[in-house]
Amino acid sequence: VKQMREIQEEMKKQREEIAHGRVKHLHPNDFVIPLLLGAEGHQASGDAEQRLCAQALECGLLVEDRAENCFSVLAVAVLDEQGENITTRASIHAVDMVLQKYVRAVTCFLSGRIVSLVASSKSDNAHYLHIAAGEIQQSISKAMDAKCCVGVSQQTDRLMMCCAGYHEAVRA
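Counting with my numbering, you get residues 256 to 427 for the letters of the sequence shown.
Spelled out as structure tokens, the structure:
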């Protein structure tokens with residue numbers, strides 16, 4: 256509990272620095288991890304959504320802020336023969352290699368999973384994300400001789416809803 260409070264305080268400081276323009280280049284993990292963990296809250300404010308879109312542009316998740324952008328969360332877990340989670344940060348590159356062929360994504364290691372926040376047009380998301388998920392599952396399973404579980408959230412057009420998408424993908 257103490258460690259979680261410390262993390263939340265650090266994320267709050269980082270958000271304040273970003274909001275006041277003291278951070279010039281936003282690292283993708285500094286954007287995606289607080290977003291997925293719900294540090295932004297579920298404010299309905301249009302200003303908050305616009306700020307998140309600006310941060311998504313800055314960290315490279317979005318190329319441009321367009322009305323047809325939509326977002327999904329993909330969570331990958333690698334399991335050994337006994338069903339134990341053996342996922343490591345080393346798998347991030349493998350996931351990114353597949354995703355970059357189909358969609359834009361920011362990938363991180365979070366709570367024992369490889370988690371990607373995916374941005375695409377609505378039609379690309381519906382078509383390509385399930386193809387990418389299958390390819391990730393096959394390539395990691397084959398390379399590591401282990402079971403690979405891939406969960407994908409429903410798409411949303413609001414970055415503010417990606418925390419719910421993270422929980423959905425993890426449970427899928």
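Using N, Cα and C, we set each Cβ at its ideal position, and we do this for glycine too.
Q) Nearest CA to the CA of Ala387: which residue from Val353, Val331, Gln310 and Gly338? A) Start at 1 with the first residue of the sequence shown, and residue 387 comes out as number 132. Ala387 has its Cα closest to that of Val353, out of Val353, Val331, Gln310 and Gly338.
**Message:** Run through the DSSP bridge pairs and tell me what Ile369 is partnered with.
**Reply:** By 1-based counting over the sequence shown, the position of residue 369 is 114. Answer is Val331 and Phe364.
Is Ala398 closer than 8 angstroms to Ala360 when the C-beta atoms are compared? Numbered from 1 along the sequence shown, position 105 holds the residue referred to as residue 360. Numbered from 1 along the sequence shown, position 143 holds the residue referred to as residue 398. Against a cut-off of 8 angstroms, the Cβ pair of Ala398 and Ala360 comes out as no contact.
Count the other CB atoms within 10 Å of the CB of Asn380; is the residue buried (16 or more) or exposed (fewer)? As a position in the sequence shown, residue 380 is number 125, starting the count at 1. Counting C-beta atoms within 10 angstroms of its own C-beta, Asn380 has 16 or more neighbours from the protein chains shown and is therefore classed as buried.
Close beta carbons around Arg277, own chain, < 7 angstroms, minus the five adjacent residues each side:
The sequence position of residue 277 within the sequence shown is 22, counting from 1. Any reading at Arg277 is ruled out, since the residue's pLDDT is 49, under 50, leaving its predicted position unreliable.
### Per-residue DSSP class, three states only, for Ala374
The sequence position of residue 374 within the sequence shown is 119, counting from 1. Under the three-state reduction of DSSP, Ala374 is assigned to strand.
| field | Inter-residue spacing [alpha-carbon to alpha-carbon] between Ala330 and Arg260 | value | Taking the sequence shown and counting its residues from 1, one reaches residue 330 at position 75. Taking the sequence shown and counting its residues from 1, one reaches residue 260 at position 5. Approximately 24 angstroms between the Cα atoms of the pair.
Please classify Asn324: is it buried, with 16 or more other beta-carbons within 10 angstroms of its beta-carbon, or exposed? Counted from its first residue, the sequence shown places residue 324 at position 69. That one is buried.
request  = Have a look at Glu242 and Ala427 and give me their C-alpha separation to the nearest angstrom.
outcome  = Residue 242 lies beyond the range of the chain shown here (256 to 427); nothing can be said about it.
> Going by Cα to Cα distance, which pick from Glu423, Val373 and Met415 is closest to Ser229?
Replying inline: Since the first residue of the chain shown is 256 and the last is 427, residue 229 is not available in this structure.
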